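Presented below is the structure to which this report refers.
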Amino acid sequence: MRALVTGATGFVGRHLVAHLAAAGDEVAISEAEITEPDALVADFQGSFEGSRPDAVYHLAAQADVQASFADPAATLRVNVEGTFNVLAAARRAGAGRVVVVSSADVYGRVEPECLPVDESCAMLPVTPYGASKAAAEMVCLQAGLGRGLDVIRARAFNHLGPGQSDRFVAAALASRVAANERDGSEVVPAGNLRAKRDFTDVRDVVRAYRLLAAGGKAGEVYNVCSGAARAVSELADALIARTRHPMRLEADGELLRPVDVAEVRGDPSKLHDATGWRPEVPLEQTLDDLLDYWRCRLAESPGALGGGMAEAAGSELPSWGDSQ
Numbered sequence: 117m118r119a120l121v122t123g124a125t126g127f128v129g130r131h132l133v134a135h136l137a138a139a140g141d142e143v144a145i146s147e148a149e150i151t152e153p154d155a156l157v158a159d160f161q162g163s164f165e166g167s168r169p170d171a172v173y174h175l176a177a178q179a180d181v182q183a184s185f186a187d188p189a190a191t192l193r194v195n196v197e198g199t200f201n202v203l204a205a206a207r208r209a210g211a212g213r214v215v216v217v218s219s220a221d222v223y224g225r226v227e228p229e230c231l232p233v234d235e236s237c238a239m240l241p242v243t244p245y246g247a248s249k250a251a252a253e254m255v256c257l258q259a260g261l262g263r264g265l266d267v268i269r270a271r272a273f274n275h276l277g278p279g280q281s282d283r284f285v286a287a288a289l290a291s292r293v294a295a296n297e298r299d300g301s302e303v304v305p306a307g308n309l310r311a312k313r314d315f316t317d318v319r320d321v322v323r324a325y326r327l328l329a330a331g332g333k334a335g336e337v338y339n340v341c342s343g344a345a346r347a348v349s350e351l352a353d354a355l356i357a358r359t360r361h362p363m364r365l366e367a368d369g370e371l372l373r374p375v376d377v378a379e380v381r382g383d384p385s386k387l388h389d390a391t392g393w394r395p396e397v398p399l400e401q402t403l404d405d406l407l408d409y410w411r412c413r414l415a416e417s418p419g420a421l422g423g424g425m426a427e428a429a430g431s432e433l434p435s436w437g438d439s440q
């Protein structure tokens with residue numbers, strides 16, 4: 117399969133490219149800005165020396181929920197206009213299928229009796245990021261209905277794993293633990309530990325994307341999730357249990373979002389029925405790999421901590437929710 121990937125240098129993109137290559141696919145990476153349509157068209161048409169890509173995976177996005185509150189217009193431009201440009205470029209390149217990565221944030225605040233949420237649930241986003249992804253999904257529907265483009269939407273729930281930025285909750289906690297091990301500190305600042313999220317290892321997530329490219333139904337949307345919700349406190353406690361010296365969690369109000377959702381849990385039945393996909397990587401392995409990644413990164417680059425640490429001093433906040 118000839119596969120073209122946008123957002124290939126990001127956290128998920130790097131794992132997807134590695135998975136596609138391991139599966140024997142011929143992989144091309146689009147480095148064009150998705151807000152620049154002419155550059156995208158040229159990049160897509162030249163990706164396989166004129167041969168059409170069998171599948172385009174669209175991962176490039178503004179995925180930081182907190183940043184979407186700070187600059188919602190920029191988030192809308194990248195995620196909505198950018199998706200429109202990618203779909204147009206894919207159509208002109210004759211792509212066989214486009215897998216567009218959306219987000220569980222489109223569902224917004226779901227009543228407990230409606231959990232686990234399936235794909236028929238209304239999109240009621242409460243964040244600018246979620247609104248941008250919901251709008252991008254409408255662009256995908258129009259491309260299919262109005263242009264005949266084969267588009268599949270993958271609604272990704274929280275995912276985590278090695279290589280993840282410390283702007284996301286699990287990686288933020290892991291980076292703080294690794295920094296404390298290095299510095300001898302004991303306090304791990306934490307935000308809303310009561311929030312429950314549906315976590316899946318990124319390596320399982322990218323496997324789902326390829327299976328959807330091969331076996332999903334055109335025009336459909338699929339939840340990519342585990343089907344189980346875990347409190348952020350469970351991840352925090354598990355990371356603390358892995359520390360090399362005693363540490364303790366300490367609440368930090370600066371880490372709370374302006375708007376948060378108590379529980380997010382999805383139903384992956386439709387994905388399973390279409391492809392046979394099930395998550396395979398246990399959470400224990402994911403947390404081991406994530407913590408080891410941050411230990412190595414801080415050992416190699418002592419100043420590697422980003423927003424996840426800066427916000428503890430009152431700067432930018434990490435996303436205590438979606439981990440796209």
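Per my numbering, the very first residue in the sequence shown carries number 117; after that it's consecutive.
Idealized CB from N, CA, C, for every residue including glycine.
Note that the structure is a prediction, hence the values are computed from the model and not measured.
Residue i and residue j closer than 8 Å at C-beta
| i | j | result |
| --- | --- | --- |
| V255 | V196 | yes |
| A114 | S219 | Limits of the chain in this structure are 117 at one end and 440 at the other, which puts residue 114 out of reach. |
| A286 | L406 | yes |
| L403 | A354 | yes |
| T391 | G332 | yes |
| G279 | Y173 | no |
| A179 | G198 | no |
| A139 | R326 | yes |
| L156 | A205 | yes |
| R453 | V217 | Nothing about residue 453 can be read from this structure; the chain reaches only from 117 to 440. |
| E142 | D159 | no |
| N339 | P395 | no |
| A420 | L365 | no |
| A211 | R168 | yes |
| G335 | G260 | yes |
| A134 | S163 | no |
| A119 | Q161 | no |
| H275 | V337 | no |
Residue from the options whose Cα sits closest to the Cα of residue i
| i | options | result |
| --- | --- | --- |
| R269 | V380, P153, A329 | A329 |
| G277 | V128, A124, A119, A138 | V128 |
| E400 | H388, C341, R346 | R346 |
| V215 | G246, E253, L365, A190 | E253 |
| V181 | A390, A259, L175, K249 | K249 |
| A324 | D221, E165, H388, D383 | H388 |
| A194 | I150, V380, A134 | Before going on, a small fix: residue 194 reads as Val here, not Ala. Among I150, V380, A134, the Cα nearest to that of V194 belongs to I150. |
| V348 | G335, Y338, Y223, V380 | V380 |
| G292 | A259, M363, W393 | Sequence inspection shows Arg at residue 292; the Gly mentioned does not correspond to that position. Considering only alpha carbons, the answer is M363. |
| E152 | N308, V202, P169, I145 | V202 |
| P418 | L257, E165, E297, Y245 | E297 |
| A344 | F315, S281, V377 | F315 |
| Q258 | W393, S281, F200, M239 | F200 |
Helix, strand or coil at residue i [DSSP, three-state]
| i | result |
| --- | --- |
| M425 | Caution applies to M425, whose pLDDT of 30 falls short of 50 and renders its modelled position unreliable; the value that the coordinates give is listed next. In the structure shown, M425 sits in a helix (DSSP, three-state: H, G or I). |
| A177 | coil |
| F273 | coil |
| D246 | In the sequence under discussion, the amino acid at residue 246 is Gly, which differs from the Asp named in the question. The answer is helix: DSSP assigns G246 an H, G or I state. |
| Y409 | helix |
| F127 | helix |
| N296 | helix |
| D368 | coil |
| V226 | coil |
| F510 | Only positions 117 to 440 of the chain appear in this structure, which leaves residue 510 out of reach. |
| D187 | coil |
| A211 | coil |
| D317 | strand |
| R346 | strand |
| S218 | strand |
| V202 | helix |
| V194 | helix |
| A329 | helix |
| V255 | helix |
| V322 | helix |
| V397 | coil |
Cα-Cα separation, residue i to residue j
| i | j | result |
| --- | --- | --- |
| S236 | A251 | 16 Å |
| V226 | V233 | 8 Å |
| L136 | V304 | 37 Å |
| L231 | D299 | 42 Å |
| L265 | A171 | 12 Å |
| R360 | V267 | 47 Å |
| S435 | C412 | With a pLDDT of 36 at S435, under the threshold of 50, the modelled position of that residue is not reliable, and the figure given next carries that caveat. Rounded to whole angstroms, S435 to C412 spans 23 Å at the Cα level. |
| D368 | A352 | 14 Å |
| G262 | S342 | 33 Å |
| R310 | D221 | 18 Å |
| D187 | R283 | 16 Å |
| G126 | P228 | 33 Å |
| A190 | S184 | 8 Å |
| L433 | A290 | The pLDDT assigned to L433 is 30, lower than 50, so where the model puts this residue is not dependable, and the model offers no usable value. |
For residue i, the first and last residue of its enclosing beta strand (DSSP E)
| i | result |
| --- | --- |
| T122 | 118-122 |
| I145 | 142-146 |
| Y338 | 337-340 |
| P305 | 303-306 |
N-terminal and C-terminal residue of the alpha helix (DSSP H) that residue i is part of
| i | result |
| --- | --- |
| H361 | Premise fails: H361 is in no alpha helix (DSSP H) and is neither H nor E. |
| S385 | 385-391 |
| A378 | Element bounds for A378: n/a, residue is neither H nor E. |
| V157 | 153-161 |
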